[in-house]
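To start, the structure under review is shown below, and the notes come after it.
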DNA sequence: CTGAAAGCGCTTACAG
DNA sequence: CTGAAAGCGCTTACAG
């Protein structure tokens with residue numbers, strides 16, 4: 360049961376540790392017969408290389424940290440899953456860190472990640488965390504931030520064009536003939552939410568549609584707030600005919616609230632979501648939404664990180680990588696009076 | 360930007376590495392003034408202890424591996440989240456491994472976890488994986504298996520009493536006056552699914568209700584199969600008045616299918632789920648279900664693992680820890696004709 | 001084609 | 001109250 364080491368393998372195979380190391384890593388030519396003896400010895404002993412020792416020596420752990428606000432949220436769960444998968448394909452393990460909107464927890468995790476010598480960190484949206492990011496960055500660990508804007512001095516950034524996406528969604532509703540278009544936002548300090556609202560406003564003002572302030576209500580990206588805010592909107596004297604909800608979970612809540620109020624979706628009111636979580640295509644009515652390219656975001660984030668890890672020496676210019684959300688039309692929206 | 364080491368701290372503070380180590384770990388008394396000098400030096404240098412070196416020396420990595428089939432599945436996401444959290448509270452980081460029902464991936468991850476010298480592994484349900492578990496177990500790494508039955512020679516096991524839970528759910532439907540009670544199962548080779556069906560059968564036979572074989576239909580724990588199987592059931596000449604669905608995701612699909620067919624839930628048919636994922640209480644009708652104690656499962660799994668890690672020397676007797684699912688009555692079920 | 005030895009950054013007996 | 005030194009299991013220049 361004792362853990363076998365290279366020494367054990369070397370002894371059994373009758374060669375040096377150097378040679379064992381080289382056959383394991385294929386890092387220099389080894390006589391075929393020697394090689395086979397080593398391989399056989401490894402097998403006989405059930406040898407597993409000790410990555411900890413290797414990491415100490417080589418300076419790389421083949422491990423990355425992934426910080427997400429809440430891996431239970433379907434949007435983050437999806438990205439986290441894909442990051443794990445791309446990491447795996449590239450030989451990296453990922454340490455899962457839920458920041459939980461808890462500043463202490465996030466800070467502790469960052470210290471832990473630094474101490475564990477992770478090769479890089481993928482940081483996904485969380486409240487205010489410039490200071491933490493700064494510490495990470497100062498420690499010299501490559502960072503990629505996803506779904507969030509930070510100073511480029513700190514990290515590469517991968518995100519979607521939220522303003523444009525907000526514009527496209529709203530424009531789509533306008534083109535369907537809607538004029539009374541409300542919006543359920545996320546927490547006001549979150550940049551993605553703010554930017555989507557800006558796009559929403561731009562589309563409306565471009566079409567010279569004025570928006571009463573009570574049409575813009577604030578949620579918190581959770582189901583319940585979608586329900587609550589939708590109920591509020593439906594009780595307005597001048598009811599909107601379409602609602603742009605800034606994420607799908609709230610949009611699903613909004614559909615639910617509408618149903619309970621006897622308001623038909625999409626006959627009486629069109630509802631437009633954001634994210635395209637898996638659930639959105641399944642429920643009835645299926646949700647029209649702006650799909651985030653999570654696959655691409657995750658792939659790009661991992662690729663960028665791996666590049667940064669590889670070229671840590673040359674000074675890498677951090678960039679902002681902007682992807683596009685795409686309009687997905689399903690059953691929760693329809694032409695006004697159509 | 361160069362990583363600081365204990366040597367740097369020792370030099371700046373004018374003490375030995377030994378002393379630095381002892382103030383960091385609080386492992387022997389150090390003169391207050393010396394202590395302060397060391398602390399100050401650490402701060403000035405932005406020193407972070409190198410856990411990799413520590414692990415090599417001490418033999419523990421303060422890291423555990425968590426293998427789940429798919430962290431995107433709400434039930435697993437919930438458990439994974441809680442395990443991460445309990446791990447964090449106990450000073451452990453967790454490496455996220457999605458086995459993905461891919462035997463190669465799972466095997467690779469296990470080798471990786473062994474090589475990375477994780478202190479323990481929490482293994483959550485996956486298809487057939489006795490061989491992998493065996494390898495892990497032979498490497499001497501403590502293992503806790505959750506939501507699944509394996510030989511106790513290999514690991515501690517934490518799970519719910521699926522048979523009893525299936526019985527309780529079905530008995531509840533019977534007590535509501537239902538006699539024609541169908542069941543949508545999960546993949547037939549999964550033990551939890553099989554056991555729940557056994558409980559379902561026991562409750563029915565106890566009440567001397569015979570169940571036509573076409574009332575038991577097989578899904579795969581995904582939304583779509585719930586929809587599909589529900590549709591099939593509703594087209595039966597002798598339609599069931601209640602359906603026990605072996606997980607919530609399929610139950611939500613079943614509700615959705617019913618709605619589309621113009622069958623009211625719960626007026627025309629009662630639907631009973633299993634798991635109590637967060638979504639189940641939110642949708643309308645909210646779902647009656649058997650709640651799995653994920654909080655307790657996660658806590659227990661982490662506690663057991665930590666105990667095993669601590670007492671690796673003394674030979675620990677693996678046990679099966681059986682928790683109870685609890686009946687949650689919501690709006691998707693009602694008395695027959697009530 | 002292969003090996004001896006230094007060293008990665010810690011912890012911890014041993015010594016005083 | 002503190003320090004010098006061995007050693008955890010690897011990798012990799014250096015040497016032959």
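Chains as they are written, first to last, in my numbering: chain R, 360 to 697; chain Z, 360 to 697. Glycine included, C-beta positions come from ideal geometry on N, C-alpha and C.
Chain R residues whose Cβ lies nearer than 8 angstroms to that of residue 470 of chain Z:
For the C-beta of residue 470 of chain Z, the chain R residues within less than 8 angstroms are, from N- to C-terminus, 407.
Look at residue 653 of chain R and residue 632 of chain R and say whether their C-beta atoms are less than 8 angstroms apart.
no
Looking at the secondary structure, which residues open and close the beta strand (DSSP E) in which residue 481 of chain Z lies?
479-483 is the span of the beta strand (DSSP E), which, as asked, contains residue 481 of chain Z.
Pair every Cβ in the stretch 443-459 of chain R with every Cβ in the stretch 413-425 of chain R, then say whether three or more of these pairs are closer than 8 angstroms.
yes
Limits of the unbroken beta strand (DSSP E) element including residue 424 of chain R
DSSP places residue 424 of chain R inside the beta strand (DSSP E), whose first and last residues are 422-427.
Residues that residue 515 of chain R bridges to, as DSSP identifies them:
The secondary-structure analysis by DSSP pairs residue 515 of chain R across a beta bridge with R:503.
Determine, using beta carbons only, whether residue 545 of chain R and residue 605 of chain R come nearer to each other than 8 angstroms.
yes
Let me confirm a value: residue 706 of chain R is counted as buried when at least 16 other C-beta atoms fall within 10 Å, else exposed. Which label applies?
Missing from the structure shown is residue 706 of chain R; chain R here goes from 360 to 697 and no further.
Quick check for students: name the residue ranges of the beta strand (DSSP E) that lie wholly in the stretch 414-475 of chain R, counting only runs of 3 or more.
Runs found: 422-427, 452-457.
For residue 627 of chain R and residue 620 of chain R, what's the separation of their Cα atoms in angstroms?
11 angstroms
Return no unless some Cβ of chain R is closer than 8 angstroms to the Cβ of residue 639 of chain Z.
no
Among the candidates R:576, R:617, R:410, whose CA atom is the shortest distance from the CA of residue 593 of chain R?
R:617
Do you know offhand how far residue 478 of chain R's Cα is from residue 644 of chain Z's?
47 angstroms
Using 8 angstroms for Cβ pairs, my map puts residue 405 of chain R next to residue 363 of chain R. What's the rounded Cβ distance?
7 angstroms
Contact set between the stretch 436-452 of chain Z and chain R, restricted to residues whose Cβ is under 8 angstroms from the partner
436, 437, 439, 440, 443, 444, 447, 452
Residues within the stretch 384-413 of chain R neighbouring chain Z, beta-carbon criterion of under 8 angstroms:
Result list: 405, 407, 408, 409, 410, 411, 412.
According to DSSP, is residue 632 of chain R part of a helix, a strand, or is it coil?
If DSSP states are grouped into helix, strand and coil, residue 632 of chain R belongs with the strands.
Can you give me the C-alpha to C-alpha distance between residue 655 of chain R and residue 680 of chain Z, rounded to a whole angstrom?
42 angstroms
For residue 393 of chain R and residue 416 of chain R, the rounded distance between their alpha carbons:
25 angstroms
Which residues, in order along the stretch 577-593 of chain R, keep a beta-carbon less than 9 angstroms from a beta-carbon of chain Z?
So the list reads 582, 583, 586, given in the order they occur along the chain.
Relative to the alpha-carbon of residue 678 of chain Z, which residue among Z:466, Z:367, Z:505, Z:403 has its alpha-carbon at the smallest distance?
Z:505
Report the residue from R:696, R:684, R:697 whose alpha carbon sits nearest the alpha carbon of residue 519 of chain R.
R:684
Considering only DSSP beta bridges, list what residue 649 of chain R is partnered with.
R:633, R:686
Could you tell me which residues DSSP pairs with residue 509 of chain R in its beta bridges?
According to DSSP, residue pairing for residue 509 of chain R in a beta bridge does not occur.
From which residue to which residue does the beta strand (DSSP E) around residue 603 of chain Z run?
601-604
Can you check which of these residues, Z:694, Z:625, Z:598, is closest to residue 611 of chain Z by C-alpha distance?
Ranked by how close their Cα comes to the Cα of residue 611 of chain Z, the residues Z:694, Z:625, Z:598 have Z:625 in first place.
Under the three-state reduction of DSSP, which class applies to residue 577 of chain R: helix, strand or coil?
strand
Counting contacts by CB-CB distance shorter than 8 angstroms, is residue 497 of chain Z in contact with chain R?
yes
Limits of the alpha helix (DSSP H) - the one that residue 692 of chain Z falls within:
First-last for residue 692 of chain Z: undefined, no H or E at that position.
Around the C-beta of residue 539 of chain R, are 16 or more other C-beta atoms found within 10 angstroms, so that it is buried, or is it exposed?
buried
Examine the Cβ distances between the stretch 522-529 of chain R and the stretch 494-510 of chain R and report whether three or more of them are shorter than 8 angstroms.
no
Through-space distance from residue 391 of chain Z to residue 380 of chain Z, alpha-carbon basis
15 angstroms
Tell me whether the stretch 457-476 of chain Z and the stretch 406-413 of chain Z touch, counting them as touching only if at least three CB pairs, one residue from each stretch, are closer than 8 angstroms.
no
As assigned by DSSP and simplified to three states, the class of residue 540 of chain Z:
Residue 540 of chain Z: strand per DSSP, three-state reduction.
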